[in-house]
Structure formats: C-alpha cells, structure tokens
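Taking it in order: structure first as structure tokens, then the write-up.
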Amino acid sequence: MTDNFNEGHPGAVITQIAQYARLSLPELPNVVLLMAGTNDMNGLVNITGAPARLADLLDEINAAVPGVTTVVAQLTPAANATVEKAIEDFNAEIPNVVSSKVAAGQKVSVVNMMDYVTVNDLKDGLHPTDHGVV
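Heads up: the sequence shown runs through residues 44 to 177, numbered per this note's numbering.
This is the structure in structure tokens:
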C-alpha cells in the first residue's frame, strides 16, 4: 500500500473491513476513523446483525491497539429507498454500540454524517462525491 495512513476498500462489508484492519493495526495508530456498514446495507447483508459486527470490529481494534481513539462515523444517506431505510436503522444503533464500548473503557466516539451529507452529495446514489467527503 503506497499510503498506509489511509485505507479504503470498495465493496467491503464489515467483516471484510475487520480482515483488512488486522493488516493495518500493527502500525499502532493513535486514532482510527471508521465508517463501516455501507456495503452491508447496500447488499442487505444480514442488516440486523450489522451492529454486532461493528461492535466486534471495535473490540478487535481496541484489543490490537489498547487505548486507541476510534471515531465511528454514521453512514451517509442512499438514493435507494430500501437501502436508505437500512442505513437509517443501522445509524440509529451506532450510538448504542459506541456507548457500550465507552462503558467498557474504550475511547470511542460517534459522528453523525447524515447532518452533513445529502443525497445531492452522492456520485452514484451511495458514495459521496469529493464535495460530500469534504
């Protein structure tokens, strides 16, 4: 990887992101910025189990790098109504997942991306344009 300070994996679901994270976490980051679940929601991949998979990923990050600060971004909107509903339901669970990790002593916070990115900021109905990323 040419830039090991940023990692993105098109099409990856939460469990695949966890696999990729295992390769990066030995770098011992101070901060992890995490947006995971978009592709789970887009593919309707066991969406009710997605919060548990996110919780497992947060545990794995914290176990690999104790004391790391992880910022979890809620997902951005989707143009497809079915996917949007899945995203809204998942986003509603993210603060609960984060709160449980904070209660367990992890340094985790959540960022609400729905307040900043709209469907007009999406290049393909799912992923933000450069404007949506900024």
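The beta carbon of each residue, even a glycine, is placed where N, CA and C say it ideally should be.
Pick helix, strand or coil for residue i, following the three-state DSSP scheme.
| i | result |
| --- | --- |
| K128 | helix |
| D120 | Before going on, a small fix: residue 120 reads as Pro here, not Asp. Coil, per DSSP. |
| K166 | coil |
| P109 | coil |
Going by alpha carbons, who is nearest to residue i out of the options?
| i | options | result |
| --- | --- | --- |
| L76 | T161, L165, M156 and A93 | M156 |
| V162 | V88, I130, P53 and S67 | I130 |
| V123 | L169, V74 and R65 | The amino acid at residue 123 is misidentified as Val; the sequence shows Asn. Closest option to N123, Cα to Cα, is L169. |
| T172 | A121, P69 and A64 | A121 |
Taking the beta carbon of residue i as the centre, do at least 16 other beta carbons fall within 10 Å, making it buried, or is it exposed?
| i | result |
| --- | --- |
| K144 | buried |
| T119 | buried |
Have a look at residue i and residue j and give me their C-alpha separation to the nearest angstrom.
| i | j | result |
| --- | --- | --- |
| M44 | T81 | Since pLDDT at M44 reaches only 40, below the 50 mark, its modelled position is unreliable, and the value read off the structure follows with that caveat. C-alpha separation (whole angstroms): 23 Å. |
| M78 | S152 | 12 Å |
| L165 | Q149 | 32 Å |
| N134 | V108 | 25 Å |
Less than 7 Å between the beta carbons of residue i and residue j, yes or no?
| i | j | result |
| --- | --- | --- |
| D7 | V56 | Given a span of 44 to 177 for the chain in the structure shown, any question on residue 7 remains unanswerable. |
| V115 | V141 | yes |
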